[in-house]
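Input: a single structure, listed below in structure tokens.
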Amino acid sequence: MISKLLLAATTATALCFAAYANAQEVKGEVIHQWTSAAESAGVKVLAQKFTELGGTWIDNAISGGPNARSTAVNRVVGGNPPAAMLFNTGAQFVELQDNGLLRDLTDTAKADNWQNKMPAALLNSGVVDGEIWALPISGNGANWFWFNKPILDKIGVAKPKNWDEVFAALDKAKAAGLTPFAPSGEPRWQRLMFNAVVLAVAGRDTYDAVIYKRDASAVRGEKFKAAVKVFEKLRDFADAGTPGRSWPDSTNLVISGKALMTQGGTWLNGAFAAAGKTAGTDYECAIINPEQGMVISGDVFLFPEPKNAAMTKAQDLLLKAFADVPTQTAFAVANGTIPILKGADTSKLNPCIAEASRFFNDPKLSTGSDQMMFTPAIVGAVEDAITRFANKGGLTAEQFIEAYAKGLSAS
Amino acid sequence: MFVRSPSSSRLQAALTLAPVAFIVLSVYVGGVLWAAGISFTRSSMLPNYRFAGLTQYINLFSNARWQVSLCNMALFAAIFIPITLLIGYSIAAMINRGVRGENALRTIYLYPFAMSFIVTGLVWRWLLDPSFGIADVARKLGFENASFDWIVNADMAIFTIIIAAIWHSSGLVMVVLLAGLRGVDDDLWKAIRIEGIPAWKAHLYIIMPSIGASIATALVLMSLTVVRLFDVVVAMTGGGPGIATDVPAKFIIDHMFERQQVGLASAAATTLLLLVLAVAVPLLILKNRRK
Amino acid sequence: MTGVQLRNLGIRYGQVEVLRGIDLDIPASEFIVLLGPSGCGKSTLLNAIAGLQDVAEGQILIGRHDMTNVEPKNRGIAMVFQSYALYPRMSVRGNLSFGLKVAKVAGPEIEKRVAHVAKMLQIEPLLDRKPSELSGGQRQRVAIGRAVVRDAGVFLFDEPLSNLDAQLRSDLRVEIKRLHQRLRSTMIYVTHDQIEAMTLADRIVVMKDRIIQQQGTPDEIYNRPANTFVARFVGSPAMNFLDGTIKGGDAVVDGQAVPIAAALSLPLADGRKVIVGIRPEDMAIHADDTGSGLTVEVDVVEPMGPEKLVWCKRGDIGLSVKAPSSATVRPGDRVQLGLAEKKLHIFDKETGKRI
Amino acid sequence: MSPANTHAPVRRNALAAPLSRMLVYLLLIVTAIVALVPLYVMIVTAFKSMEEIRSGTLLSLPHSFGFEHWWKAWNSACTGLRCEGLKVGFVNSFLITVPSVVLAIAAGAVTGYALSFWRVRFANVLFTAMLIGGFFPYQVLIYPLVRITSTIGLFNSLAGVIFVHVVFALPVVTLLFRNYFASIPIDLFKAARVDGAGYWRFFFSILLPMSVPMIAVAGILQVTFIWNDYIVGLVFGGINYAPMTVQLNNIVHSTYGEREYNVEMAATLLTSIIPLLVYFTSGRWFVRGVASGAVKG
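Chains as they are written, first to last, in this note's numbering: chain V, 12 to 422; chain A, 64 to 354; chain L, 1211 to 1565; chain Z, 26 to 322.
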């Protein structure tokens, strides 16, 4: 009885708040996982532009991609969707689109000329049956290796460009009593590193066969096996503290001169920058075997099917802000990611990002990440296999190859 | 034995139960049945109703992570429950002797339970870190060869989870058992002293059996911890190294959300519940029989 | 004033029969005691009268109204419990007035009645205390007060003195008796203590095995027990029983003839197996050589102040005898027991019923 | 008179050898120290500068005890665009926790009451279903709950979060109260019935006042669970009612950028302050309530 009364009372209170929130304003709530300092600076750029256009930005930052995405999905399913929500580029959104929960952006894209504004590969990742459902917002290169420059100088080697040079440098660092390699021990970054090794060792053809075509025979082929061997060798250079270590902690080991090398996407650049380090003098970034290209990953904004005219209006303004070239570029600079729109002014970019941008805009030198092509189920299955291999005492190379091949058909 | 009650009051009792019954039926029973139903479908990101037969269950049991998860849960239960019980009981027995500063001690043992593992997991990770954790402290204290690398060792990492979980739960178990010990008749203690029964024997054969209800409660609480084990793992090892410390709840949650495999996750959740029932039902039947 | 009638009352817990065919007529103002060992169903019967227990069959009439299905509060009853059952978070005053408040009695009237009862039971100084601050005896006084304040026609007592020590028990016993004399209410009192039953009751109802074994005045129950159960249950120390076989009008007990004719209206046929019962005070100890009576050996002697209790044995048979404190017997003495023939109780060996 | 543990603690081993008593104290103190180590590390880390954290050991004391990291965590740490620290979430956590705990206890007490003193058909079936439900990984129930709350219009509102918290709390709270009520002498119920107390009268006038220890236990447990909850607040609270733990998670688990461990630890401690305070101030009640039969099988 009492519980019912109280429930009624709280409901009434909640309704009051809801009524209050419905005041005539173009409110756009955006769910995203950008919570670090650099990311927040990026968000600020987007929010400012939206405000300029007459909107009121409602910021809903939730740390951790999976947290943010499942919250957003629950909001959509619960009938109270945000105006826009951040997903990773790739197949994550397909089912939402399939259930009619997303807004079709085809017309907006045509009107705003997206076709000519951004690389086709990126735009196409948001296309289902010829219709556009996602707006790319950020781009990253995933297969970078990062080095502490003073250590490179100390052990007398130049920035490595191929595997022989990498292993030579690692050997020397080890001999000098330093941690040669400090990768992150979290499964998703291990997956990222494995992909980097596959592209660099097995080559673009094998990489594309595995990632784009999910070709199990390519996985069982010799080239892939060679990549697995390199990965294994690399793994053995990793320090004891690797398992479970986050990438910022790993990066810190390189920044502070305790380790020579780590692996990670262009976002590591932000960590170096935040520590006041300068590319070329304090640290180096490199893609090994760069002729094979760069693995692109990124984020897209999705726009749930609007509930009312006000929400449509808010989405229109958000779309306009996000696809605005100067805004996007300023966002990328602040965020430390690659500007994705053509005609961006790249002069202010940090050398590492500028280099990444060059790869990014050259279709011959860029290819999609597994997350762009695989369903989350396959990403997960493959990730399980990789992390079991990436930690000592897990799978043997042969077992791992089988597990990986099997993972490609997960659903 | 129930006291005779008028139909009007019984109706009132039924009426007050109705909302709860409705919630329980719709959320718990409904939710469980729904999840069981979904486990027979192809649901991926959102639940759908495309029938898939036993596919999800076949996939589940051929999934290495699930196998590891179940083994870990069994191992965890086999070590965590007896040790927590032992520690909780020992402390309770010592406090029950009547010590000074009981309030302070009790609060100290209990505080870990007040903090969530989102919060304390990081500290535990630091403490167990092979390079700057307690091993480092020991080295600086002069034990130069001290090393403690369990948390990064696939074979030992699960034990670090167990250590942290014991730290988290011992206080609560202690309080529950202390409450039981407080209910033990003073005369029993006198009899034990007069008979000159050694302390450990007295506890094992006389006192522990006489606080059976409290021990049962502690066991239920610990079983809940075992089945729901999630936060500790995420905060300390993220399930690693590799998949070495994965547990069923983490498996379910990962597949439910990040991996968009609602069908597989539901199959796992249903299996987990069946396992709980397989343990609980015989116990319940046994308990009812004894009555 | 209110009488209570039970008509063919039966009570079951599920399939288990707890009481069967109980017929009882309790006139107004009577103090009746339900006596029996634990588990005999006496408390269940009391609960049924109170309306706290479902009745499977039969009728309960209170003040000539059928109350079988009436709520406890509307039966005009009050009840006192063994565990006192005081409301722990209410003061004594709150405990006394709670029922009246529920019944929407006016405030000043409540105050008047509470004051009156408090004075009657001498609990005035306790009125503002919590039950946890009272001694056991005080608690039970308050519990009795809570019943009295209801101004009920029928009082139900469920072993109210069992949790108290001996001294308090006898004090409160007197108190309850005084209360009955003063209020003249019908009182139904459940106990397993035969002394309480004997001292308090106008009439005792002895119960065992789901049924009433015997009802009657304390005198009838004590002096003419209907069967061996009643005979053994009432009286302390309990009645002595001797197995015997009738031979020529006497009962032959362990080879020795005991004359029993005076205790019987009709002589019994030879060979019939009987049980001869005799209370400890109905025997006398004679010196060894008088030649009459039962020869026994003194086992233990318990001096009890005004008298001595002498435990004797004869083979497997044990007997207790009350002797004056001046008696000089020592363990190991061989003595003769003289049995008062008129005070013998003869029961059928098979049925246990009085002959 | 209440079923609470009223007898004074007895010095059971008043004559025991001093040596064994010293051993007992030694063991108790050592275990207490071990139990305190994580808290100690958190507190000292919250006072250290990042430089000290990198160079010193975990257990070393900070050079100075300034509250700037605490202040930053409370007032200006950023989560996304908002740099308002934890204080916003603190209010939300209160708004969520207080009604949730009150309602969960009210609902659990009334349900436990109906289940223990009154013969209601299928009550045991209901109770068993609820208990078994308590073992189900509750995250699996989130999707159905999202649908349910959105159907009844509570999704993404304060009422919605509270509703879900109460639903998740019901099995445990009901169990606590049912078992507690089962330990209450049935005579009390009979006495009240003779006095004419009906269903609610008995509950409110007699049962509830004597359930204080139990209310304390249920309250302490639920404050801990609900205050520390992350996922329910995140999913059902929407942006307006995100609890403190969501901000904490944003501060502590930002994937990118350098981590300020001192601020993180301060934030962590600030977030735990309410449950910790509850335990430090009412731990005595907790033990007493448990001892009063609350948690007996």
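All C-beta atoms in this analysis are idealised placements derived from N, C-alpha and C, irrespective of residue type, glycine included. The structure displayed is predicted, hence computed values, not measured ones.
query: Rank Z:D254, Z:N265 and Z:A134 by C-alpha distance to the C-alpha of T122 of chain Z and give the top, closest one.; result: Z:D254
query: Can you name, in chain order, every residue of its own chain whose Cβ lies under 6 Å from the Cβ of L1529 of chain L, other than the five neighbours on each side?; result: N1450 and C1522
query: Taking only beta-carbon atoms, is S1293 of chain L less than 9 Å away from chain Z?; result: yes
query: Taking 9 Å as the CB-CB limit, is R245 of chain A close to chain L?; result: no
query: What are the boundary residues of the alpha helix (DSSP H) that Q1391 of chain L is part of?; result: A1376 to L1393
query: Determine which residues of the region 296-320 of chain A have a Cβ less than 9 Å from any Cβ of chain Z, and write them out in chain order.; result: P311, A312, I315, I316, M319 and F320
query: Which residues in the same chain as R36 of chain Z place their Cβ atom closer than 8 Å to its Cβ, once the five residues preceding and following it in sequence are excluded?; result: Only weak support is given to the placement of R36 of chain Z: the predicted model assigns it a pLDDT of 46, under 50, and the question is left unresolved by the model.
query: Indicate the three-state DSSP secondary structure (helix, strand or coil) for N100 of chain Z in the structure shown.; result: helix
query: Tell me, which residues are paired with F1367 of chain L by DSSP?; result: L:V1290 and L:Y1399
query: Pick out the complete beta strand (DSSP E) segments inside the region 109-197 of chain V, 3 residues or longer, and give them in chain order.; result: 145-152, 155-159 and 190-192
query: For a contact defined as C-beta to C-beta under 8 Å, what are the partners of V200 of chain A on chain Z?; result: T82, L83 and L84
query: Comparing C-alpha positions only, which one of V:A48, V:A52, V:G39 and V:W45 sits nearest to L64 of chain V?; result: V:G39
query: Could you please give the first and the last residue of the uninterrupted beta strand (DSSP E) stretch that includes I101 of chain A?; result: Per DSSP, I101 of chain A belongs to no beta strand (DSSP E); it is in the alpha helix (DSSP H), G93 to I101.
query: Please tell me whether P162 of chain Z has its Cβ less than 9 Å away from any Cβ of chain A.; result: yes
query: Let me know the secondary structure DSSP gives H88 of chain Z once reduced to three states.; result: coil
query: What is the rounded straight-line gap between the Cα of G405 of chain V and the Cα of Y268 of chain A?; result: 45 Å
query: Take every Cβ of the region 158-166 of chain Z, pair it with every Cβ of the region 217-224 of chain Z, and state whether three or more of those distances are shorter than 8 Å.; result: no
query: In angstroms with no decimal places, state the Cα-to-Cα distance between E1560 of chain L and L1216 of chain L.; result: 31 Å
query: V1214 of chain L and I1236 of chain L look like a contact to me (Cβ under 8 Å); what is the Cβ gap, rounded to whole Å?; result: 4 Å
query: Flag R73 of chain A as yes if its beta-carbon sits less than 9 Å from any beta-carbon of chain L, otherwise no.; result: no
query: If distances are taken between C-alpha atoms only, which option among V:A83, V:L352 and V:I351 comes closest to F180 of chain Z?; result: V:A83
query: For I1270 of chain L, tell me which candidate among L:D1233, L:D1419, L:E1385 and L:M1493 has the shortest Cα-Cα distance.; result: L:D1233
query: Taking the C-alpha atoms as reference points, what is the distance between L1567 of chain L and N1433 of chain L?; result: In the structure as shown, chain L starts at 1211 and stops at 1565, and residue 1567 of chain L therefore has no counterpart that could be examined.
query: Going along chain L, which residues have a C-beta under 7 Å from R67 of chain A?; result: G1261, L1262, Q1263 and D1264
query: Could one say the Cβ of E1281 of chain L lies closer than 9 Å to chain Z's Cβ atoms, at least one of them?; result: yes
query: Please classify V1468 of chain L: does DSSP put it in a helix, a strand, or coil?; result: strand
query: So with Cβ pairs under 9 Å, would you call N208 of chain A a contact of chain V?; result: no
query: Which residues, in chain order, does the region 192-207 of chain V contribute to contact with chain A at a C-beta distance below 8 Å?; result: G196, E197 and P198
query: Would you give the residue range spanned by the beta strand (DSSP E) that M96 of chain V belongs to?; result: A95 to N99
query: Could you check if W263 of chain A is buried or exposed, using at least 16 other CB atoms within 10 Å of its CB as the buried criterion?; result: exposed
query: Based on Cα-Cα distance, which residue from V:S308, V:P194 and V:A414 lies nearest to T348 of chain V?; result: V:S308
query: From this set, Z:S236, Z:A243 and Z:F261, which residue's C-alpha is nearest S175 of chain Z's C-alpha?; result: Z:F261
query: With a Cβ-Cβ cutoff of 9 Å, do I68 of chain Z and L301 of chain Z count as a contact?; result: no
query: Would you report the Cα separation of T292 of chain V and A193 of chain V, rounded to the nearest angstrom?; result: 20 Å
query: For S1372 of chain L, which of L:Y1294, L:G1220 and L:F1241 has the nearest alpha-carbon?; result: L:Y1294
query: Cβ of K324 of chain V less than 9 Å from any chain A Cβ?; result: no
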